[in-house]
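Going by our numbering, the first residue of the sequence shown is number 4, and it counts up by one from there. Where is the CB? At the ideal position from N, CA and C, for every residue including glycine. Read through the structure below, which is laid out as structure tokens, and then see the notes.
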Amino acid sequence: MSLRARFTEDLKTAMKAGQSERVGTIRMITAKLKDLDIAARAKGEDQVSDDAVIGALRGMVKSRAESAAMYLQGGRPELAEKEEAEIALIRTYLPADLDEATIEVAVREAIERTDATSMKDMGRVMAALKTQFGSALDAAIASSVVKSVLSAR
4 MSLRARFTED LKTAMKAGQS ERVGTIRMIT AKLKDLDIAA RAKGEDQVSD DAVIGALRGM
64 VKSRAESAAM YLQGGRPELA EKEEAEIALI RTYLPADLDE ATIEVAVREA IERTDATSMK
124 DMGRVMAALK TQFGSALDAA IASSVVKSVL SAR
């Protein structure tokens with residue numbers, strides 16, 4: 004089942020069950036998808052790919068995590084809890100993250116393939132990893148591993 008179909012089915016289920024928070028979060032996700040689709044029409048595409056959807060979902064998780072941290076700093080734990088609940092729901096639509104050991108092995112292989120020798124080559128290594136893993140790769144984790152491996156050389 005595609006992600007879009009899952010969103011639609013989960014929205015229907017949440018509406019029938021009266022889960023207003025869940026309905027709100029799924030509607031927010033579908034609104035983001037509509038925005039992405041509209042932007043893609045300028046490029047001649049009807050809909051964005053599932054990889055682009057997963058990238059957008061990862062961005063939504065990141066922004067909500069930042070908001071939750073700011074709410075906690077500002078003494079608003081109830082708003083931080085709301086953001087954390089949205090993060091938990093969004094993560095149910097994301098593929099399982101690769102563990103750090105797998106990422107480290109893949110980074111070392113990508114460094115060898117791209118003949119990377121310094122931090123200047125980080126872009127090439129990240130591009131190779133994104134090509135290899137697509138949306139399953141968490142770029143933030145991969146980036147930190149690439150930095151640590153390249154700086155150790």
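In this structure, DSSP gives SER146 a helical state, which the three-state scheme calls helix. Under the three-state reduction of DSSP, ALA45 is assigned to coil, being neither helix nor strand. DSSP places ASP54 in the uninterrupted alpha helix (DSSP H) bounded by 53-76.
The residue among GLY137, THR134, VAL108 with its C-alpha nearest the C-alpha of VAL149 is VAL108. For ARG79, the three-state secondary structure derived from DSSP is coil.
Approximately 13 angstroms separates the beta-carbon atoms of ALA113 and LEU101; this is outside 8 angstroms, ruling out the contact.
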